[in-house]
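To start, the structure itself, in structure tokens.
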Amino acid sequence: MPWSKDEQRSFLITIDTEVHRLTRLVSNLLDASRLEAGVVHPHVVHVAIDDLVASALATIDTQHRTIDLDIPLDLPLIDTDPDLVERIIANVISNACRFCPSTDAVRISAGVFPTHAEIVVIDKGEGLDISKRASVLKPFERLSDDQTGVGLGLSVANGFATLLGGELRFEDTPGGGLTVSIILPIPETP
């Protein structure tokens with residue numbers, strides 16, 4: 007029996023979603039292996055933060071979440087590895103989309119300060135207990151058995167941030183949820 011156009015469209019959307027999910031899984035597995043082996047070497051160039059965020063968003067399934075961008079277009083360029091930072095941003099946003107209620111937006115803001123650049127991803131999900139924050143940065147650590155994913159996204163993001171001399175910072179979102187700040191150092195100019 008032939009499928010209707012709506013059934014075909016639904017199947018194609020499901021296939022596309024699953025291909026994106028599997029691609030992210032394989033990428034995270036490869037990245038985790040490369041980090042473990044110590045074979046990731048940053049390639050630093052001048053790059054705009056808004057371009058990094060746009061590139062990261064193009065690579066992930068936002069799970070139909072609204073993304074609220076608050077990134078000034080006049081931010082100065084930063085010196086960093088755009089491929090690594092794009093992966094950091096993509097993994098953090100993907101995580102926020104997974105846990106944010108479908109009725110709430112994931113908010114992304116950014117700023118550049120004298121010593122660092124900061125990209126902030128805010129969700130209104132359940133949040134993350136302070137006692138569990140260090141454990142989600144370990145490979146294959148998941149908070150419970152009923153969650154999707156294999157526990158690599160934040161581990162890879164943290165590994166890349168650390169490699170670049172930066173870090174991920176976790177804070178409670180006022181009103182509930184999790185705020186993740188991606189801190190990237192800005193090298194001192196002589």
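Under this note's numbering, the letters of the sequence shown match residues 7 to 196, in that order. All C-beta atoms in this analysis are idealised placements derived from N, C-alpha and C, irrespective of residue type, glycine included.
Residues of the same chain with a CB within less than 6 Å of the CB of Glu-92, apart from the 5 flanking positions on each side, are Leu-58, Ser-61, Ala-62 in chain order. Residues Thr-68, Arg-71, Thr-72, Ile-73, Asp-74, Ile-99, Ala-102, Cys-103, Cys-106, Val-127, Ile-128, Asp-129 of the same chain have their beta carbon placed closer than 8 Å to that of Val-112, with the five preceding and five following residues left out of the count. By the 16-neighbour rule on beta-carbons within 10 angstroms, Ile-21 is exposed. For Gly-183, the number of other beta carbons within 10 angstroms of its own is at least 16, and it is reported as buried. Annotation for Gly-171: no alpha helix (DSSP H) segment contains it, and DSSP assigns it neither H nor E. Ile-95 sits in a helix when the DSSP states are folded into three classes. Counting along the chain, the unbroken beta strand (DSSP E) around Val-186 starts and ends at 184-191. Listed as beta-bridge partners of Ile-84 by DSSP are Val-53.
Using a 10 angstroms sphere on the CB of Gly-44, the tally of other CB atoms stays under 16, which defines it as exposed. Pro-48 and Lys-11 have their C-alpha atoms roughly 47 Å apart. Closest in alpha carbon position to Thr-86, among Thr-109, Pro-8, Gly-171, is Gly-171. Distances from the alpha-carbon of Val-25 to those of Leu-134, Ile-55, Thr-65, Val-53 put Thr-65 closest. Ranking Phe-119, Ala-54, Gly-131 by CA distance to the CA of Thr-179 puts Gly-131 first.
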